[in-house]
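Okay, structure first, notes after.
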Amino acid sequence: MRVFSNPIGSGALWFDNLATADGAPVAYDPQARAFLPVQPFCINREVIGCNWIAPEVGAFCRSCAMTALAPDPSIPNAIPNWAQTEAAKRWVLDNLGRWHWFRPEDPGARPVFHMLAEGATPVSMGHAEGVVTISVAEADPVLRTVRRQALEEPYRTMIGHMRHEISHMLWWRLSLREDFLDAFRDMFGDERADYGAALERHYNQGPPPDWKQRYLTTYASAHPHEDWAETAAHLLHLTDITDSFIAAGLSSPQLPEGGWDPYAEPDTARLIHVAASLAVGVNHVNRSMGLSDLYPFVLSEAARHKLAFVHDWLRRGAQGR
Ligand SMILES: [Zn+2]
Ligand SMILES: [Zn+2]
Numbered sequence: 038m039r040v041f042s043n044p045i046g047s048g049a050l051w052f053d054n055l056a057t058a059d060g061a062p063v064a065y066d067p068q069a070r071a072f073l074p075v076q077p078f079c080i081n082r083e084v085i086g087c088n089w090i091a092p093e094v095g096a097f098c099r100s101c102a103m104t105a106l107a108p109d110p111s112i113p114n115a116i117p118n119w120a121q122t123e124a125a126k127r128w129v130l131d132n133l134g135r136w137h138w139f140r141p142e143d144p145g146a147r148p149v150f151h152m153l154a155e156g157a158t159p160v161s162m163g164h165a166e167g168v169v170t171i172s173v174a175e176a177d178p179v180l181r182t183v184r185r186q187a188l189e190e191p192y193r194t195m196i197g198h199m200r201h202e203i204s205h206m207l208w209w210r211l212s213l214r215e216d217f218l219d220a221f222r223d224m225f226g227d228e229r230a231d232y233g234a235a236l237e238r239h240y241n242q243g244p245p246p247d248w249k250q251r252y253l254t255t256y257a258s259a260h261p262h263e264d265w266a267e268t269a270a271h272l273l274h275l276t277d278i279t280d281s282f283i284a285a286g287l288s289s290p291q292l293p294e295g296g297w298d299p300y301a302e303p304d305t306a307r308l309i310h311v312a313a314s315l316a317v318g319v320n321h322v323n324r325s326m327g328l329s330d331l332y333p334f335v336l337s338e339a340a341r342h343k344l345a346f347v348h349d350w351l352r353r354g355a356q357g358r
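In my numbering, the protein residues as written are 38 to 358.
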């Protein structure tokens, strides 16, 4: 994610800011990728702290307009959890916009989000034909940690959920093209394999013993759909780590010279090489504060091949090239 300039004073603005350091209200224009000191603000600004501009007074911003179902406000913490969930969604949508997804120049369908709070029964996240279902309860760090430990995952965040579930939606968008599915099946296997049975096998038997050579995560080994979603989410993680590192003004001998834009890099091997070296460095920095690793994963040869496949399709897919 980029760091933005203050339109009415000095200093920087961060993507989630609602106001400058002086307290002047600002809003983010996702089309211009810049902060503006002007209205109209998204009508969710007072409700969930959305800081994007709206196309007209009394309207939702581009991101909030994609949310068809908001959580039941009578469920405890539904609204603050939803606010955090929408913040993660705006971040991921803005990242995807760097490859033109869901911007006006993208002629395809937008994701429709169902943001559900959890009452007595858990909400399962998922995607079906353009509809992305997200459990806003996972914004709660205690609940998220309990689930992460139960599933023996090294990493679980709302941004991670957004990237994974939207990646299923991106797969669906690409599957509407004539040239995608054969190439996908050559790389990931046949996604027509019984999904329910595959997940049941995964949860009963665990991943294959050689999963580290073939997949980024244990869950990716469950089914070709999950392998795609995990791989695409990791491509988004790695590209955004790199973009954010540069935007923060940090430097590394691994970084290409001046003005390099990781989202514009066509060479996946180069992008992943840089991203992996930065991730290793920031992992070390995190350990200085006793925090978990920023990116607690190892990139096998097979994973790098799959990341290259996803990179190629995500870079050209939004505009049908
Ligand atoms: Zn909004
Ligand atoms: Zn999935």
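Where is the CB? At the ideal position from N, CA and C, for every residue including glycine.
With residue i as the anchor, note down where its alpha helix (DSSP H) starts and where it stops.
i: Tyr-232; result: 232-242
i: Asp-277; result: 261-284
i: Asp-223; result: 218-225
i: Ile-112; result: Note, Ile-112: premise wrong, no alpha helix (DSSP H); not H, not E.
i: Glu-202; result: 195-212
i: Gln-356; result: Segment: none, Gln-356 is in no alpha helix (DSSP H) and carries neither H nor E.
i: Pro-144; result: It is not in any alpha helix (DSSP H) - Pro-144 carries neither H nor E in the DSSP assignment.
i: Leu-308; result: 305-324
i: Arg-184; result: 178-187
i: Arg-251; result: 248-251
Please name the residue in the options whose C-alpha comes closest to that of residue i.
i: Asp-231; options: Pro-244, Ala-259, Pro-159; result: Ala-259
i: Glu-166; options: Ser-212, Ala-154, Pro-113, Met-199; result: Ser-212
i: Phe-10; options: Trp-89, Ser-325, Arg-307, Ala-69; result: Since the first residue shown for the chain is 38 and the last is 358, residue 10 is missing from the structure and cannot be characterised.
i: Val-168; options: Ile-203, Ala-49, Glu-155, His-239; result: Ile-203
i: Thr-170; options: Val-179, His-201, Ala-64; result: His-201
i: Leu-344; options: Thr-276, Pro-244, Phe-72, Ile-283; result: Thr-276
i: Asn-320; options: Val-311, Ala-115, Tyr-332, Gln-356; result: Tyr-332
i: Arg-214; options: Gln-356, Arg-70, Asp-66, Gln-186; result: Gln-356
i: Leu-328; options: Val-40, Glu-93, Pro-191; result: Pro-191
i: Ala-71; options: Gly-95, Gly-163, Ser-42; result: Ser-42
i: Val-347; options: Phe-282, Ser-325, Arg-324, Leu-308; result: Leu-308
i: Phe-52; options: Ala-58, Val-40, Ala-257; result: Val-40
i: Arg-229; options: Arg-193, Pro-261, Thr-305, Glu-175; result: Pro-261
i: Val-317; options: Asp-330, Ala-257, Thr-305; result: Asp-330
From residue i to residue j, what does the alpha carbon distance come to, in whole angstroms?
i: Pro-141; j: Asp-349; result: 21 Å
i: Leu-36; j: Phe-334; result: Lying before the first or after the last residue shown, residue 36 is absent from the chain, which here runs from 38 to 358.
i: Leu-207; j: Pro-110; result: 30 Å
i: Asp-131; j: Thr-158; result: 32 Å
i: Leu-273; j: Ile-112; result: 32 Å
i: Trp-297; j: Arg-238; result: 44 Å
i: Pro-44; j: Met-38; result: 18 Å
i: Ala-61; j: Val-75; result: 10 Å
i: Cys-101; j: Pro-246; result: 42 Å
i: Ile-116; j: Ala-154; result: 9 Å
i: Pro-293; j: Glu-83; result: 42 Å
i: Leu-236; j: Ser-289; result: 41 Å
i: Thr-255; j: Arg-185; result: 13 Å
i: Pro-178; j: Gly-86; result: 19 Å
i: Phe-97; j: Val-63; result: 16 Å
i: Ala-120; j: Leu-287; result: 30 Å
i: Ala-266; j: Val-160; result: 19 Å
Between residue i and residue j, which are expected to be in contact by the criterion C-beta below 8 Å, what is the C-beta distance as a whole number of angstroms?
i: Thr-279; j: Leu-253; result: The Cβ separation is near 17 Å, so there is no contact.
i: Ala-339; j: Gln-250; result: 6 Å
i: Val-173; j: Asn-118; result: 4 Å
i: Met-195; j: Ala-270; result: Not confirmed; about 12 Å, so no contact.
i: Trp-138; j: Tyr-300; result: About 11 Å; that fails the 8 Å criterion.
i: Leu-73; j: Asp-66; result: 5 Å
i: Phe-149; j: Met-103; result: The question names Phe, but residue 149 is Val in the sequence shown. Going by Cβ atoms, the distance from Val-149 to Met-103 rounds to 6 Å, so yes, they are a contact pair.
i: His-151; j: Ala-105; result: 6 Å
i: Trp-128; j: His-164; result: With 8 Å as the limit, Trp-128 and His-164 do not qualify as a contact, their Cβ atoms being about 19 Å apart.
Using DSSP bridges, identify the partner residues of residue i.
i: Phe-150; result: Thr-104, Val-169
i: Phe-41; result: Leu-50
i: Ile-90; result: Phe-78
i: Ala-56; result: Pro-62
i: Gly-134; result: DSSP output for Gly-134 lists no bridge partner at all.
i: His-164; result: Val-169
Would residue i count as contacting chain C if we go by Cβ distances under 7 Å?
i: Asp-177; result: Of the chains in the structure shown, none is chain C; there is only one protein chain.
Which residue marks the beginning of the beta strand (DSSP E) containing residue i, and which one marks its end?
i: Leu-73; result: 71-73
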